[in-house]
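Note sheet for the following structure.
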Amino acid sequence: MEIHRFERLWLALSLLLILGITGTVVYGATAEGIKMVDDSGGTIDAENLQDTEFGDPGVRKVGENRYDVYIVAHRFFFDPGTSQPIEIPAESTVTFYVTSADVVHGFQVADTNVNTMVIPGQVAKLTVEFDNPDSYGIICHEYCGSGHHSMEGELDVVPKSEYNATEASA
Amino acid sequence: MSTPTADETVTETTTGETAAGHSYDASDRLAYVERFPDAALIVRLCFLVAFGALGLGGLFGVIQALHRTGIYRGVVSSADYYTVLTGHGVLLALVFTTFFIAGLFTWAVTRSMDRPLSSIRLAWAWFALMLLGTLMAAVAIVAGFFPSLGISADVLFTFYPPLQAHPLFYTGAALIIVGSWLAGANYFLTYREWRQENPDARIPLQTFMVLTTMLLWYLSTIGVAIEVVVFLIPWSLGLFEQVDPLTMRTLFWYFGHPVVYFWLLPAYLVWYTVLPKLAGGRLFSDALARIVFVLFLLLSTPTGFHHQYIDPGIPEGFKTVAMTNTMMLLLPSLLTAFTVVASIEHGARQRGGEGRLGWLRSLPWEKPAFSGCALAGLMFAAGGFSGMINAGMNINYLIHNTLWVPGHFHLTVGTAFALTVMAIAYWLVPQITGKRLRNRSLAAVQPYVWFGGMVLMSNAMHRAGLAGIPRRTAEPEYNVADASFTGVVGGYQEMRIQIAIGGVLLFVSLLLFLVVMVNTWRSEKSEQLRVDSRIPDPLSGPEHGPRVLDNLRLWIAIAIVLVLLTYAIPVGSLLADGVFAPGGPTVPV
Chain A
1 MEIHRFERLW
11 LALSLLLILG
21 ITGTVVYGAT
31 AEGIKMVDDS
41 GGTIDAENLQ
51 DTEFGDPGVR
61 KVGENRYDVY
71 IVAHRFFFDP
81 GTSQPIEIPA
91 ESTVTFYVTS
101 ADVVHGFQVA
111 DTNVNTMVIP
121 GQVAKLTVEF
131 DNPDSYGIIC
141 HEYCGSGHHS
151 MEGELDVVPK
161 SEYNATEASA
Chain B
1 MSTPTADETV
11 TETTTGETAA
21 GHSYDASDRL
31 AYVERFPDAA
41 LIVRLCFLVA
51 FGALGLGGLF
61 GVIQALHRTG
71 IYRGVVSSAD
81 YYTVLTGHGV
91 LLALVFTTFF
101 IAGLFTWAVT
111 RSMDRPLSSI
121 RLAWAWFALM
131 LLGTLMAAVA
141 IVAGFFPSLG
151 ISADVLFTFY
161 PPLQAHPLFY
171 TGAALIIVGS
181 WLAGANYFLT
191 YREWRQENPD
201 ARIPLQTFMV
211 LTTMLLWYLS
221 TIGVAIEVVV
231 FLIPWSLGLF
241 EQVDPLTMRT
251 LFWYFGHPVV
261 YFWLLPAYLV
271 WYTVLPKLAG
281 GRLFSDALAR
291 IVFVLFLLLS
301 TPTGFHHQYI
311 DPGIPEGFKT
321 VAMTNTMMLL
331 LPSLLTAFTV
341 VASIEHGARQ
351 RGGEGRLGWL
361 RSLPWEKPAF
371 SGCALAGLMF
381 AAGGFSGMIN
391 AGMNINYLIH
401 NTLWVPGHFH
411 LTVGTAFALT
421 VMAIAYWLVP
431 QITGKRLRNR
441 SLAAVQPYVW
451 FGGMVLMSNA
461 MHRAGLAGIP
471 RRTAEPEYNV
481 ADASFTGVVG
491 GYQEMRIQIA
501 IGGVLLFVSL
511 LLFLVVMVNT
521 WRSEKSEQLR
531 VDSRIPDPLS
541 GPEHGPRVLD
551 NLRLWIAIAI
561 VLVLLTYAIP
571 VGSLLADGVF
581 APGGPTVPV
């Protein structure tokens with residue numbers, strides 16, 4: 001079968017593009033350490049969250065500059081996040097554990113790459129670093145019912161020096 | 001038969017191709033409807049349902065564009081927005097696509113093998129089944145506007161459990177799929193008859209494309225069929241307490257990615273086999289077209305996890321495998337870009353085009369069948385690049401479930417497919433009705449209006465997605481939280497306006513199309529058509545490609561092996577803790 005030389009060149013460039021794009025992902029995964037949400041959060045009984053870590057959701061300090069945040073997505077609010085903002089100090093490493101008490105939701109901290117599906121029965125686990133004080137919106141980005149558009153929250157990254165007051169209550 | 005009148009035929013018969021011994025004769029002017037009246041009736045009915053769904057789905061689309069941008073929220077409440085959104089997704093992505101494809105494939109199979117369908121009764125059966133399914137699903141969706149009826153299906157196109165729709169919705173969706181399977185059986189039985197009479201011939205190119213696409217469809221719809229028939233219908237009838245949401249998502253996306261190639265490949269069929277002729281030339285290479293379709297059959301299905309990159313519960317390794325397969329799928333599309341552009345350039349040069357890019361001016365841009373396909377192909381290139389971002393596993397964190405994603409698929413299924421459908425209808429509807437195209441000047445501007453509307457809407461949707469603005473929401477602005485979206489490129493207000501204007505332009509374009517179709521359909525039959533149905537042979541014919549390309553059994557066997565390699569372990573581990581576990585509460589909508 002004869003292939004025109006222009007087409008051979010095109011084929012070579014196409015393969016280069018495919019390798020290049022795949023290469024950026026591999027670079028992100030290895031050099032930058034971007035890990036995908038996976039099965040490491042484990043499974044959970046969505047109808048009995050009260051007997052788990054999610055029975056008392058919120059921020060927990062687990063080490064020097066390290067925090068775990070447990071969040072339950074309900075139709076149509078995040079607990080915590082919606083009625084009171086989630087507060088964490090700047091210059092910290094934060095692991096979010098997010099699960100659902102009812103249907104499929106989304107959990108996205110807008111303007112960051114904190115973005116996961118929230119699936120009943122599964123715990124989504126993401127570890128990220130927050131370097132600077134800022135305020136972020138949290139969005140449920142998966143349709144979860146007629147009030148879906150009102151499902152939002154807030155994440156406040158406060159200066160380290162101002163954090164101690166809230167830490168005690170978390 | 002009288003001689004051709006001085007209309008479109010003038011340019012089409014002076015392409016220079018006649019010198020190569022392919023003279024047109026009067027029979028090419030005879031409508032397809034005269035040769036295959038039974039099949040033509042089925043094709044017409046399929047197109048009728050498809051265009052009806054397109055009209056209603058498009059109306060829902062413009063309501064959404066105005067509602068979610070906040071330009072006008074008076075048509076429906078924000079709670080009913082999701083009824084509209086479900087209707088938009090199901091009518092366009094399932095009904096419009098499946099019916100049009102079933103009709104187009106009926107035409108392609110009968111035309112390219114030059115024989116009627118094996119069984120017209122089977123054709124009536126699959127059409128009736130698909131229509132019944134459509135009516136059931138439509139009733140369930142539209143009933144959502146009337147809460148007193150107690151029937152609702154506000155679960156969107158993806159119907160993720162544990163949100164639960166009325167059983168009518170799931171049953172209707174299942175009947176559409178089963179009907180499409182029977183349509184495929186109709187094509188295969190017709191092919192078998194042809195094969196008995198032509199034991200050594202190469203499969204005609206269009207038939208080859210139909211059969212490989214249907215094999216891909218059979219392989220991929222197994223996932224959604226199991227999800228709906230085995231799990232969701234019994235669950236919605238109350239026979240099961242719960243289903244596992246992640247297993248259901250996995251079954252859905254096993255189907256949910258290859259389905260986009262089920263939409264795309266019919267557009268490719270048109271671009272490979274009809275577009276070169278509309279440009280005044282011939283297809284570059286028959287063998288490369290076959291290779292492209294085989295690659296899609298092999299690689300389309302083992303990719304579904306790339307829709308689940310940020311799903312918890314699925315190990316990263318399986319996501320990586322899906323990414324690699326997805327990236328390899330770029331290859332057949334990039335090959336298509338080359339072949340289609342080369343074929344068009346050949347056509348332009350046949351028409352006297354010269355120069356490095358000057359040949360572009362020699363193309364029939366005033367003919368909507370050509371311009372629509374060409375613009376659809378151009379937009380598909382842009383959609384392909386945004387698709388590469390979607391497919392980049394960790395890059396996906398930035399855009400997953402943001403407005404970027406519908407920005408992407410309005411370029412692909414919303415333009416590469418939909419605009420190609422409208423364009424080819426200008427060429428095909430006269431053949432299946434025996435009527436000349438009416439309102440030709442409206443038809444001539446229609447693809448450009450679509451293109452303009454989509455440029456506005458889609459670019460703004462992509463950029464809004466980068467700013468984090470979510471998809472699938474009636475009110476994307478913050479209501480509760482003290483936050484705002486900051487545009488990465490451009491401002492929030494500017495994107496909002498572009499999306500709304502773009503949506504309105506798309507709807508205007510759709511109305512133009514429907515006016516042309518209705519007036520054409522209602523006009524008198526014509527003795528002689530303006531269009532000619534002949535499709536010239538490729539520059540490089542099937543004899544220059546290896547025969548193994550036609551070995552459909554081999555390709556489907558390899559495709560099945562690839563699916564097993566990709567899915568056996570992760571699905572096994574999802575089911576290991578119990579088929580219905582971990583479940584969740586059932587939430588009827």
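Respectively, the protein sequence lines represent chains A and B.
Residues in the first sequence are numbered consecutively from 1, following the numbering used here.
Residues in the second sequence are numbered consecutively from 1, following the numbering used here.
Here a beta-carbon is modelled for each residue, glycine too, at the ideal position from N, C-alpha and C.
Nothing here was measured: the structure is a model prediction, and the numbers come from that model.
Do you know offhand how far W124/B's Cα is from I42/B's? As a first step, residue 124/B must be located in the second sequence, where it is residue number 124. As a first step, residue 42/B must be located in the second sequence, where it is residue number 42. Straight-line Cα distance between these residues: approximately 7 Å.
List, in order along the chain, the chain A residues whose C-beta lies closer than 8 Å to that of F105/B? Within the second sequence, the letter at position 105 stands for residue 105/B. Near F105/B there are no residues of chain A at all, since even the closest Cβ is about 27 Å away, more than 8 Å.
Would DSSP call I71/A helix, strand or coil? For the purposes of this step, residue 71/A is taken as residue 71 along the first sequence, with counting starting at 1. The answer is strand: DSSP assigns I71/A an E or B state.
Rounding to the nearest angstrom, what Cα-Cα distance links Y170/B and L135/B in this structure? Residue mapping note: residue 170/B aligns to position 170 of the second sequence, counting from 1. Residue mapping note: residue 135/B aligns to position 135 of the second sequence, counting from 1. Approximately 12 Å, taken between the alpha carbons.
Between the beta-carbon of D154/B and the beta-carbon of T83/B, is there less than 8 Å? Here residue 154/B corresponds to residue number 154 of the second sequence, with the count starting at 1. Here residue 83/B corresponds to residue number 83 of the second sequence, with the count starting at 1. Yes, the pair counts as a contact, with Cβ atoms nearer than the cut-off.
May I have a chain-ordered list of the beta strand (DSSP E) segments no shorter than 3 residues that lie completely inside the region 26-89 of chain A? 58-63, 66-74, 77-79 and 86-89
Mapping DSSP to helix, strand and coil, what is A20/B? Translated into the one-based positions of the second sequence, residue 20/B becomes position 20. Low confidence applies here, because A20/B scores a pLDDT of 36, under 50, leaving its location unreliable; read the following figure in that light. A20/B falls in the helix class under three-state DSSP.
From G578/B, P570/B and P585/B, residue whose alpha carbon lies closest to that of G317/B: Stepping through the second sequence from its first residue, residue 317/B is reached at position 317. Nearest of G578/B, P570/B and P585/B to G317/B, Cα basis: P570/B.
For Y143/A, which of helix, strand or coil comes out of DSSP? Here residue 143/A refers to the residue found at position 143 when the first sequence is read from its first residue. In this structure, Y143/A counts as coil in the three-state DSSP scheme.
Taking only beta-carbon positions, decide if T93/A is within less than 8 Å of chain B. Translated into the one-based positions of the first sequence, residue 93/A becomes position 93. T93/A does not count as touching chain B.
List the residues of chain A that E316/B touches, going by C-beta distances under 8 Å, in chain order. Indexing the second sequence from 1 puts residue 316/B at position 316. Here the neighbours are K35, M36 and D38.
Taking all protein chains shown into account, do 16 or more other C-beta atoms lie within 10 angstroms of the C-beta of R553/B, making it buried, or fewer, making it exposed? As a working mapping, residue 553/B is identified with position 553 in the second sequence. By the 10 Å Cβ count, R553/B comes out exposed.
Which bits of chain A does N394/B rub up against, with CB to CB less than 7 Å? Along the second sequence, read from residue 1 onward, the residue named residue 394/B stands at position 394. Simply V25, G28, A29, I34 and M36.
Partner residues on chain B for Y136/A, Cβ-Cβ distance less than 8 Å: Sequence index remark: in the first sequence, residue 136/A carries index 136 (1-based). Near Y136/A (Cβ distances below 8 Å), the residues of chain B are A483.
According to DSSP, is L15/A helix, strand or coil? Translated into positions along the first sequence, residue 15/A becomes position 15. Reduced to three states, the DSSP call for L15/A is helix.
Report yes if the C-beta distance between L251/B and L562/B is below 8 Å; otherwise report no. Residue mapping note: residue 251/B aligns to position 251 of the second sequence, counting from 1. Residue mapping note: residue 562/B aligns to position 562 of the second sequence, counting from 1. No, the pair does not count as a contact, with Cβ atoms beyond the cut-off.
What first and last residue would you give for the alpha helix (DSSP H) that runs through T92/A? Looking up residue 92/A in the first sequence gives position 92. Sequence check: residue 92/A is Ser here, not Thr. Run containing S92/A: none in the alpha helix (DSSP H); it sits in the beta strand (DSSP E), S92 to S100.
Between the region 109-124 of chain A and chain B, which residues of the former have CB atoms less than 9 Å from a CB of the latter, in chain order? V109, A110, D111, T112, N113, V114, N115, T116, M117, V118, I119, P120, G121, Q122, V123 and A124
If we cut at 8 Å on Cβ distances, does G63/A have a partner in chain B? Indexing the first sequence from 1 puts residue 63/A at position 63. Chain B contact via Cβ: absent.
Enumerate, from N- to C-terminal direction, the unbroken alpha helix (DSSP H) stretches of 4 or more residues contained entirely within the region 535-588 of chain B. 552-576
Counting only the same chain and skipping the five closest in sequence on each side, list residues whose C-beta sits under 7 Å from that of L375/B. Translated into positions along the second sequence, residue 375/B becomes position 375. Excluding sequence neighbours, L375/B sits near L419, P447 and F451.
Chain B contact for V104/A (CB, 8 Å cutoff): Your numbering for residue 104/A matches position 104 in the first sequence. Interface residue, yes.
Leaving out five residues on either side along the sequence, give the residues of the same chain with a beta carbon under 7 Å from the beta carbon of F159/B. Here residue 159/B refers to the residue found at position 159 when the second sequence is read from its first residue. Cβ neighbours of F159/B beyond the five flanking positions: A165.
How many angstroms separate the CA atom of A591/B from the CA atom of A143/B? Here chain B comprises residues numbered 1 to 589, so residue 591/B is not present and cannot be evaluated.
For F171/A, which of helix, strand or coil comes out of DSSP? Because residue 171/A is not part of the residues shown, which for chain A are 1 to 170, the question remains open.
Buried or exposed for P430/B, please, with buried defined as at least 16 other CB atoms from any protein chain shown within 10 angstroms of its CB. Translated into the one-based positions of the second sequence, residue 430/B becomes position 430. Buried, because 16 or more other Cβ atoms sit within 10 Å of the Cβ of P430/B.
With distance defined between alpha-carbon atoms, name the residue in Y32/B, S78/B, Y81/B and R472/B nearest to T106/B. Mapped onto the second sequence, residue 106/B falls at position 106. Of the listed residues, the one whose Cα sits closest to T106/B is Y32/B.
Counting along the chain, where does the beta strand (DSSP E) carrying F107/A start and finish? In the first sequence, the residue the question calls residue 107/A occupies position 107. Counting along the chain, the beta strand (DSSP E) containing F107/A begins and ends at H105 to V109.
In chain order, what residues of the same chain lie with their CB nearer than 7 Å to the CB of F130/A, ignoring the 5 residues before and after it? Sequence index remark: in the first sequence, residue 130/A carries index 130 (1-based). So the qualifying residues of the chain are I88, A90, S92, V94 and V157.
Rounded straight-line distance, which links the Cα of V445/B to that of W365/B: For the purposes of this step, residue 365/B is taken as the residue at position 365 of the second sequence. For the purposes of this step, residue 445/B is taken as the residue at position 445 of the second sequence. Looking at the two C-alpha atoms, the distance is approximately 10 Å.
Please confirm whether any heavy atom of the ligand GTP lies closer than 7 Å to the CB of V49/B. No copy of the ligand GTP appears in this structure; indeed no ligand is present at all.
Environment of Y136/A [buried if 16+ CB atoms lie within 10 Å]: Residue 136/A sits at position 136 when you count from the first residue of the first sequence. Counting Cβ neighbours within 10 Å, Y136/A comes out buried, since at least 16 surround it.
Does the structure place the region 87-100 of chain B close enough to the region 174-190 of chain B that three or more beta carbon pairs sit under 8 Å? yes
Cβ closer than 8 Å: which chain A residues qualify as neighbours of N479/B? Translated into the one-based positions of the second sequence, residue 479/B becomes position 479. Per Cβ cutoff of 8 Å: H149, S150 and E152.
Count the other CB atoms, across all protein chains shown, that sit within 10 Å of the CB of L357/B; report buried if there are 16 or more and exposed otherwise. As a first step, residue 357/B is located in the second sequence; it is residue number 357 there, counting from the start. It is exposed - the Cβ of L357/B has fewer than 16 other Cβ atoms within 10 Å.
My output table needs one value for T116/A: the three-state DSSP class, helix, strand or coil. For this step, residue 116/A is matched to residue 116 along the first sequence. Note: T116/A maps to strand in three-state DSSP.
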